[in-house]
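Take a look at the structure set out below.
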Amino acid sequence: MFTRFEEYAASQMLGQPDSPPRTQGKLYFSQDWQRTVYGLAMALSKAGYFEWEDFRQQLIAAIAAWEADACGGGQTPWDYYECYTSALVSVLRLQGVLSNEELDAIAGLAR
């Protein structure tokens, strides 16, 4: 169940280039980690670690970077939640929520 914040955040993305995948009108996650990263971004923004619009702008930039790479002959397959994760890392870094060293350590754990 969405709270008012989650409703606001999700509705801000409807019909926009950064809108999350949906099936039959509901958010679609093909893997558990996608749901986790989606919820993490929502929770951190709701808790005041960053403004939702700042995250959205990072997501739009991540999608644009993927599109530029794809048009330039890049072989990276499209994955909305990879762009979403990249945007989350960027906003956490830009807002000083986590340091570069902390983010690098987390990335090392994921490998």
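One gets the working numbering by counting positions in the sequence shown from 1 and adding 1362 to each. Here a beta-carbon is modelled for each residue, glycine too, at the ideal position from N, C-alpha and C. In this text, all values refer to a predicted model and were calculated from it rather than measured experimentally.
Residue(s) in a DSSP beta bridge with Leu1389: Taking the first residue of the sequence shown as position 1, residue 1389 is located at position 27. Answer is Arg1384.
Could you name each continuous alpha helix (DSSP H) segment of 4 residues or more that falls completely within the segment 1415–1469, going from the start of the chain to the end? Those alpha helix (DSSP H) runs which fall completely within the segment 1415–1469 and span 4+ residues are 1442–1456.
Hey, how far is the Cα of Cys1445 from the Cα of Ala1409? Here residue 1445 refers to the residue found at position 83 of the sequence shown. Here residue 1409 refers to the residue found at position 47 of the sequence shown. Going by the C-alpha atoms only, they are around 22 Å apart.
Just the Cα atoms here: how many angstroms apart are Arg1473 and Glu1463? Stepping through the sequence shown from its first residue, residue 1473 is reached at position 111. Stepping through the sequence shown from its first residue, residue 1463 is reached at position 101. Because the pLDDT of Arg1473 is 43, which lies under 50, any placement of that residue in the model is unreliable, and the number read from its coordinates should be weighed accordingly. Taking the CA atoms as reference points, Arg1473 sits about 16 Å from Glu1463.
Please state the DSSP three-state secondary structure of Tyr1400. Here residue 1400 corresponds to residue number 38 of the sequence shown, with the count starting at 1. Three-state result, Tyr1400: helix.
DSSP-derived helix/strand/coil call for Ala1405: Stepping through the sequence shown from its first residue, residue 1405 is reached at position 43. Collapsing the DSSP output to three states places Ala1405 in a helix.
Would you check if the distance between the CB atom of Leu1421 and the CB atom of Ala1449 is smaller than 9 Å? Counted from its first residue, the sequence shown places residue 1421 at position 59. Counted from its first residue, the sequence shown places residue 1449 at position 87. Less than 9 Å separates the beta-carbon of Leu1421 from that of Ala1449.
Use the C-beta contact count for Tyr1442: other C-beta atoms within 10 angstroms, 16 or more gives buried, fewer gives exposed. Here residue 1442 refers to the residue found at position 80 of the sequence shown. A residue is called buried when at least 16 other Cβ atoms come within 10 angstroms of its Cβ; Tyr1442 meets this threshold and is buried.
Taking all protein chains shown into account, do 16 or more other C-beta atoms lie within 10 angstroms of the C-beta of Arg1482, making it buried, or fewer, making it exposed? Because the chain is modelled from 1363 through 1473, residue 1482 falls outside the range shown and cannot be assessed.
Could you say which of Phe1412, Ala1430 and Gly1436 lies nearest to Gln1457 if we only look at CA atoms? Residue numbering aside, residue 1457 sits at position 95 when the sequence shown is read from its first letter. Of the candidates Phe1412, Ala1430 and Gly1436, the one whose C-alpha sits nearest the C-alpha of Gln1457 is Phe1412.
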